[in-house]
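Undergrad: One structure follows; several queries about it will come next.
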Amino acid sequence: MIVKSADFVCSNTQVSKLPPAVKPEYAFIGRSNVGKSSLINMLVDKKGLAKTSQTPGKTQLINHFLINDNWYLVDLPGYGYARISKSKKEDWNKFIRTYLDKRESLQTVFVLIDSRLEPQKIDLEFCNWLGEKGLSFALIFTKADKQSRVKTDQNVSAFKKALLTTFEDIPTIFITSAELQTGREEVLNFVGSINNNFDYKAAAAMFGGGKNQGV
Ligand SMILES: Nc1nc2c(ncn2[C@@H]2O[C@H](COP(=O)(O)OP(=O)(O)OP(=O)(O)O)[C@@H](O)[C@H]2O)c(=O)[nH]1
Ligand SMILES: [Mg+2]
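For the sequence shown, the positions run 1 to 215 when UniProt numbering is used.
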């Protein structure tokens with residue numbers, strides 16, 4: 001897929017205020033600092049579109065970006081940031097989980113995993129929650145430029161093995177580097193193939209009227 005345009009649309013804390021659910025949508029989620037915003041910028045080849053930072057906790061809202069005028073990328077706040085208050089954590093849980101669970105046009109949740117780490121409990125638990133909710137997800141292992149391919153493959157294998165204790169099938173897996181643009185084509189083609197099957201007319205009839213926008 002060729003990205004011709006990528007535009008910021010809105011930031012939200014409330015699912016009721018999201019854009020109408022009339023276009024296919026893909027959410028990027030994962031631990032704070034795993035590289036969600038950097039990956040989005042790499043995919044659309046536009047540095048600075050999504051705000052990135054060395055300090056965890058940079059993204060705080062649900063951010064919609066419209067790509068080629070026909071699908072959305074959604075940048076979400078990260079989970080597992082230790083230096084955040086308990087009430088903020090609960091807010092995160094409520095608002096992100098409601099968004100993921102209820103958003104009618106959400107096609108796939110991309111769960112980002114730091115390729116340098118052995119399987120982390122918090123990531124596995126999050127995948128299990130997606131599985132319980134019946135949400136489609138794919139795994140993106142980030143920051144692959146930071147170590148050898150052998151090390152990355154070891155961590156990917158260990159993660160797959162851990163997932164197989166609760167899942168029958170392993171989801172689609174991508175290995176990426178925002179620095180080197182690794183995995184860009186693969187992720188975009190995956191999105192493109194899902195977009196091809198999206199029924200824009202049905203979504204517009206259901207959620208395009210303004211009244212019932214779907215969350
Ligand atoms: N070397 C390398 N660094 C990366 C890569 N992706 C992200 N980073 C760095 O990791 C840090 C965090 O990146 P962000 O994209 O802001 O991470 P995030 O997941 O959006 O973080 P929050 O919004 O705080 O949850 C930044 O310093 C990035 O430059 C990558 O593929 N390779
Ligand atoms: Mg971010």
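Every residue, glycine too, gets a C-beta built ideally from N, C-alpha and C. Quick caveat, the model's predicted, so the values are computed rather than measured.
Which runs of the beta strand (DSSP E), 3 residues or longer, sit entirely within the region 126 to 151?
TA: 137 to 142
Undergrad: At the level of alpha carbons, what is the spacing between residue 3 and residue 68?
TA: 6 Å
Undergrad: Kindly list the residues whose CB is nearer than 7 Å to the CB of residue 144, restricted to its own chain and excluding five residues on each side of it in sequence; keep chain order.
TA: The residues are 115, 152, 175, 176, 177 and 182.
Undergrad: Determine the closest residue to residue 123 out of 32, 73, 72 and 10, with distance taken between C-alpha atoms.
TA: Between residue 123 and the set 32, 73, 72 and 10, the nearest pair of CA atoms involves 32.
Undergrad: Kindly list the residues whose CB is nearer than 8 Å to the CB of residue 217, restricted to its own chain and excluding five residues on each side of it in sequence; keep chain order.
TA: Outside the shown range of the chain (1 to 215) lies residue 217, about which nothing can therefore be said.
Undergrad: How about residue 223 and residue 58: are their beta carbons less than 7 Å apart?
TA: Nothing can be reported for residue 223: it is not among the residues displayed for the chain, which extend from 1 to 215.
Undergrad: When the Cβ atoms of the region 154 to 173 are set against those of the region 132 to 139, are three or more pairs found closer than 8 Å?
TA: yes
Undergrad: Could you spell out the range, first to last residue, of the beta strand (DSSP E) harbouring residue 91?
TA: Not the beta strand (DSSP E): residue 91 falls in the alpha helix (DSSP H), residues 86 to 102.
Undergrad: What are the partner residues of residue 67, as DSSP defines its beta bridges?
TA: 6 and 71
Undergrad: Quick check on DSSP: helix, strand or coil for residue 179?
TA: coil
Undergrad: Just to confirm my understanding: we take residue 11, look at its own chain, exclude 5 residues before and 5 after, and list those with CB closer than 6 Å. What are they?
TA: 61 and 63
Undergrad: Thinking residue 158 and residue 132 are a contact (beta carbons under 8 Å), I'd like their distance in whole angstroms, please.
TA: Going by Cβ atoms, the distance from residue 158 to residue 132 rounds to 22 Å, so no, they are not a contact pair.
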